[in-house]
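So the sequences go chain by chain: A, B, C and D. Residue numbers 746 to 1081, in my numbering, belong to the letters of the first sequence in order. Residue numbers 746 to 1081, in my numbering, belong to the letters of the second sequence in order. Residue numbers 746 to 1081, in my numbering, belong to the letters of the third sequence in order. Residue numbers 746 to 1081, in my numbering, belong to the letters of the fourth sequence in order. All residues carry an ideal CB built from backbone N, CA and C; glycine is no exception. Quick caveat: nothing in here was measured; it's all calculated off a predicted structure. Contents: one structure, followed by commentary.
Protein chains: 4
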Amino acid sequence: MTLNIGVIGAGRIGKVHAENLATRVPGTAVGAIADVVLGSAQEVAARLHIPKVTADYREILRDPAIQAVAICSATDTHSQIIIEAAQAGKHIFCEKPIDFNLDRIDQALAAVEKAGVKLQIGFNRRFDANYARVRQAIASHEIGELHILHIISRDPGPPPVSYIKVSGGIFLDMSIHDFDMARFLTGSDAVEVYTVAGVKVDPAIGEAGDVDTAFVVMQFANGATVTIDNSRKAVYGYDQRVEAFGSAGAIATDNLYPNAAIISTAESIRRDLPLNFFMDRYTQSYEAEIRAFVEAVTQNKPIPVSGQDGRVPVVMGLAARKSHLEKRPVKLSEIG
Amino acid sequence: MTLNIGVIGAGRIGKVHAENLATRVPGTAVGAIADVVLGSAQEVAARLHIPKVTADYREILRDPAIQAVAICSATDTHSQIIIEAAQAGKHIFCEKPIDFNLDRIDQALAAVEKAGVKLQIGFNRRFDANYARVRQAIASHEIGELHILHIISRDPGPPPVSYIKVSGGIFLDMSIHDFDMARFLTGSDAVEVYTVAGVKVDPAIGEAGDVDTAFVVMQFANGATVTIDNSRKAVYGYDQRVEAFGSAGAIATDNLYPNAAIISTAESIRRDLPLNFFMDRYTQSYEAEIRAFVEAVTQNKPIPVSGQDGRVPVVMGLAARKSHLEKRPVKLSEIG
Amino acid sequence: MTLNIGVIGAGRIGKVHAENLATRVPGTAVGAIADVVLGSAQEVAARLHIPKVTADYREILRDPAIQAVAICSATDTHSQIIIEAAQAGKHIFCEKPIDFNLDRIDQALAAVEKAGVKLQIGFNRRFDANYARVRQAIASHEIGELHILHIISRDPGPPPVSYIKVSGGIFLDMSIHDFDMARFLTGSDAVEVYTVAGVKVDPAIGEAGDVDTAFVVMQFANGATVTIDNSRKAVYGYDQRVEAFGSAGAIATDNLYPNAAIISTAESIRRDLPLNFFMDRYTQSYEAEIRAFVEAVTQNKPIPVSGQDGRVPVVMGLAARKSHLEKRPVKLSEIG
Amino acid sequence: MTLNIGVIGAGRIGKVHAENLATRVPGTAVGAIADVVLGSAQEVAARLHIPKVTADYREILRDPAIQAVAICSATDTHSQIIIEAAQAGKHIFCEKPIDFNLDRIDQALAAVEKAGVKLQIGFNRRFDANYARVRQAIASHEIGELHILHIISRDPGPPPVSYIKVSGGIFLDMSIHDFDMARFLTGSDAVEVYTVAGVKVDPAIGEAGDVDTAFVVMQFANGATVTIDNSRKAVYGYDQRVEAFGSAGAIATDNLYPNAAIISTAESIRRDLPLNFFMDRYTQSYEAEIRAFVEAVTQNKPIPVSGQDGRVPVVMGLAARKSHLEKRPVKLSEIG
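Next up, the structure:
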């Protein structure tokens, strides 16, 4: 069986998924692509020999030859398209976040459950070889019982302030990846969150009502402490590392680099900067996650990142924001 | 001029200072050594050709040929000996902590001030080449404005529970080094402290009323966030690292190792464990700190670690403990 | 323009080139595939939608719609197919080595020159990001004038002895990559070669008339010394590194690893073994080299690895073997 | 028993030994120091409380209270002083090389043997923790049977040409350390030597009749190949590393650094340059070697670096030079 997928949204991430599905993932084909900017969809379709192109995603949902959709449209359309796709009986891969609003998330998850379709959320970093190795070390007790997990996640530079304003704020836009990583790596859930945050990178971000530097410390149900260190700007590039410490040892990952060369001169012993762009850093994980989705549908395997996995990091983000605003530890049970 | 120093206390750390003063530090001599266990003092004196040995430190304080003392006795005697040494007009090098009680610290500092003698506190890690390099990077703005500093400080194994009971607790016994390091590296002071802590290593530590695993996040006056990650037991050995992140870059230190060899086998690419014992890890810093004290006295230079530098980490430790007990952020101004 | 390529040979490397051409390289299409084992060609064709399949490569050469061929057949067929492809007016990408026999190489190169077609040899490692970085450092004088270059090239394990017997020997089968690397990195040519070699890995290799461990030191025309350290078996995996030293510095590369995680336990500080298989280690370079070939043909750019680049390493291999057999330095001018 | 040692020569290395003996090595005392420049000896004596000072080393040899001597004088005096010291019944620690002339070495060794005194040669690098770890890995078969050993040994900068002229040439002045290291690490002896060398660093060195860049490849009796890469000038500092490869793995050492800090900026990920001066790099080994000498004498243990260990590297140096001059492999049996 070949899984016939429609891609909804032909922006940066839609292109990545379409290309992986069309050229690298066996057992699947891209049967259609939609974008409100029709030209974008047409460009991708021509390059990848996608037979059907449309400006209206509902055309894809109505197409009985399409069995699944990859939702790569703007965040504020995700929950609505999930509901419609579920009602149309399509399996769904949806980019994170599902939504910033818990009610709309719950409505979308209810529609998915009612329709009995599969839903995978696009937390691609779970499929990165480095994080997968850390998860393995923790799950297999290679480092014993987990005591503390540090997540460092810094962007090479902030997005435009215009984006910041509609981003949902750093906790829902940026930390959300790390909240998911915390759950994935620990195999547990946060109980309480404490946040210290501020504006260090650009005052304009503060004027837009957001912060650009945040530190979150969380207590997890399994007894582990988890910290997240976020910055919108690391001048040396995309800084994505974790370090886990347990009763029998520790495991730490490094960034990925364009090459492994060490250069020694009269000034220093140095190497080139790490991969700077998340599309380069996580190339392999984007392919792996969509491959896992195709396998989950075609071979009826469990979905590796569930709808609930999409909902909880939003709760954590809301709790982290509340802690920042109220300057006190906040229990997740306060959020809902 | 040769500075004639009396060493008070011939235990582990007293031996280190006596040996450094006698054999490695120019411009000084050890004129006397005292220990309530006279045999310990005699053993050191014989080996290092120290002319005067006594079980009573007051003999040293009475000796007009002695110009300075190194107080290496039990913690609960520090403040009293400081007061008496100051009254006797001796310059003072005192192991940390001065005391666990702020009143007694204040009395000791008042005595020092009144006598006009010099007092240096033994926060030796400030003299370690790694931390000194990080301080240089921060002070010189090599990494720009400091945003966040992470301090990792884990012991290879917990001390006996009998010691734990009289140690003052993890925050005053172990974290106190890291509180000093936070102040030294940032060049600033803590405003607020939040602590997450628990018993992970040994239930007996909990039964003794202490914790063995602690995480502290602090807001500093200069705007930086500082975190401390303490554990009484890292199975791979003494784990002492810091990582500082700023607007223009980052600096991170590694542990020290007995050798730099990398061994590749059919199982892994590995290296030997780091230096496991604080006396090996910080050998060089013990020599450097006592050398700095001798220079400060003989050349009338400023003392690099003042009495106030000895007092503030105790305040921080009390705040961290209060935060842990009350499960809320605590301002240092609440402590005094 | 889309370059229509026929792939000759559907074995391991033929599959890699076919897949890259079909799915990753823009401006090209695989129009036909041939293999003497027809089933192999059919399997690849089905998976990649290649329209024409044949057991006889001459069918491809006769097809006017095919503009170029990728020769991925057995080594002893390379020179003959090059000659026929050139006579048919096809541009040629040919796996290394062209041949073990200098006369047949010369005949092939003459045919290519006469036909005026482009010929690129498949020394893929030139396109690896690590080696490219070293080349850049040398070419740009980032490390000044090159004094010495060390090439380490060790396989994870020897091929079957049946293969060893027809391989041409370690110098033409394995070192040949490193001879090319030496020329690529130095931008110069060898003048004299001295070899020390023996059987260390498996006596059966010696009984087959070959060695499995070889060390070659060469003097290059530009004054640099170049060394090659070859072993058929490194138990820790595929070991491919270079280190260049010059008047203004040095540059050294490391192996590539499946992940960057460092694991600390009570035994050691370790990481997982490096990528073990050349197809994993050089994945990116296979794509880059065939992409370069397509661009060279379609955009009429210079071929990055010429026929002469394919010939010289064979001369070097013959010289290295002669030095080994005669236990003396051998000038390349002795070979021809 | 306290071993009473006389130090002959109060230059750079004499000072190091005198200081270690006087302050760090238990069971010994420096009873006298001699230097033809009396002021140098007096300065050291005053600082270290050495009771006897003289410009004539024969005074030390005549002193019945002196049981051993450390010969740290100019190289061309070593063999003569060894002979006289042996005749005077003193145990001898002698800086390398014993001499450049094999006859004089043999006369010195004969005198030592006749007198029945102990003689240790100052190949301090054997006592360095990194090389000791490599020796352990090879001796314990941690990396299986040794196939190849690479020694990299580069100085931060050349000595003055005036020194070059009397140095004995690079092979006897600089490589001699590496010849000893090759024997120490392999536990075997060289059979044949091939050298490639030239003038790369400074033409004045060539005009003085020497080379400044040399590469030596050797076949050892145990079947291992050993290479030495020497340069008089590495702009990034003192570069001293080895890499051993065997049937069960590999071991490689790195340089030593003043700190372990990694600095990330917008330009690169870098660390400070390695320790630049051999006295800093090998501080610990100087103490360890003289401690071993004292223990060998006072506890009647075997001498760790024998007179023969001092002779063989001179033979190797002469063979390497001959190979360079005659441009062919040279057997050690050709030298004597």
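| Asked | Found |
| --- | --- |
| Stretch-stretch touch, CB-based, cutoff 8 Å, three pairs: the region 981-999 of chain D with the region 940-949 of chain D | no |
| Assumed close pair residue 992 of chain D, residue 892 of chain D - CB separation to whole angstroms, cut-off 8 Å | 7 Å |
| Selected residue, minimal CA-CA separation from residue 959 of chain B, among B:965, B:972, B:968 and B:953 | B:972 |
| Residue-chain proximity (residue 1011 of chain A, chain D), Cβ-Cβ < 7 Å | yes |
| Contact under 7 Å by Cβ, residue 1059 of chain B with residue 903 of chain B | no |
| Interface partners of residue 825 of chain B on chain A, CB under 7 Å | Within chain A, no residue comes near residue 825 of chain B; the closest Cβ sits about 39 Å away, beyond 7 Å. |
| Residue 941 of chain C vs residue 966 of chain C beta-carbon contact at 7 Å | no |
| Other residues of its chain near residue 1001 of chain C: CB distance less than 7 Å, five sequence neighbours each side excluded | 1019, 1020 and 1026 |
| For residue 839 of chain D: DSSP bridge partner residues | D:816 and D:866 |
| Short CB-CB distance (under 7 Å) between residue 1005 of chain B and chain D | yes |
| Option nearest residue 997 of chain D by Cα separation, candidates B:996, B:1005, B:930 and B:998 | B:1005 |
| Reduced DSSP category for residue 756 of chain D - H, G, I as helix; E, B as strand; rest coil | coil |
| Residue 820 of chain C: CB within 6 Å of a non-hydrogen atom of the ligand NAD | Within the structure as shown, the ligand NAD is missing, as the structure has no ligands at all. |
| Coil, strand or helix - residue 919 of chain B by DSSP | coil |
| Alpha-carbon to alpha-carbon, residue 1078 of chain D and residue 1013 of chain A | 44 Å |
| Top-ranked residue by Cα proximity to residue 970 of chain D, from D:819, D:934, D:952 and D:994 | D:934 |
| Residue 832 of chain C: first and last residue of the uninterrupted beta strand (DSSP E) it sits in | Note, residue 832 of chain C: premise wrong, no beta strand (DSSP E); alpha helix (DSSP H) at 823-832. |
| Under 8 Å (Cβ pairs) to chain D, residues found in the region 938-969 of chain C | 939, 941, 943, 945, 946, 958, 960, 962, 964 and 968 |
| Distance, residue 1080 of chain B Cα to residue 825 of chain B Cα | 23 Å |
| Candidates C:868, C:898, C:813 and C:950, of which the one nearest residue 840 of chain C by Cα | C:868 |
| Closest residue to residue 775 of chain C among C:814, C:898 and C:1073 (Cα-Cα distance) | C:814 |
| Contacts of residue 994 of chain C in chain A (Cβ-Cβ under 8 Å) | 1008, 1009, 1010 and 1011 |
| Strand pairing of residue 857 of chain B, partner residues [DSSP] | Its beta-bridge partners do not exist; DSSP assigns none. |
| Reduced DSSP category for residue 748 of chain B - H, G, I as helix; E, B as strand; rest coil | strand |
| Paired residues, beta bridge with residue 799 of chain D - DSSP | D:779 |
| Bounding residues of the beta strand (DSSP E) (the contiguous stretch that carries residue 949 of chain B) | Premise fails: residue 949 of chain B lies in the alpha helix (DSSP H), 948-952, not in any beta strand (DSSP E). |
| Those residues which DSSP pairs with residue 926 of chain B across a bridge | Note: residue 926 of chain B sits in no beta bridge, so no partner. |
| C-beta atoms of residue 950 of chain A and residue 923 of chain A nearer than 7 Å | no |
| Interface flag, residue 999 of chain B vs chain D, CB-CB below 7 Å | yes |
| Burial state of residue 885 of chain B (16 or more Cβ within 10 Å) | exposed |
| Chain-order list of residues whose beta-carbon lies under 6 Å from that of residue 1067 of chain C (same chain, five-residue window excluded) | 1075 |
| Per DSSP, cross-strand counterpart(s) of residue 895 of chain C | C:972 and C:988 |
| Coil, strand or helix - residue 960 of chain D by DSSP | strand |
| Inter-stretch contact at 8 Å, needing at least 3 Cβ pairs: the region 816-834 of chain C / the region 787-797 of chain C | no |
| According to DSSP, residues forming a beta bridge with residue 943 of chain A | A:958 |
| Classification of residue 860 of chain A by the beta-carbon crowding that lies within 10 angstroms, buried from 16 upward | buried |
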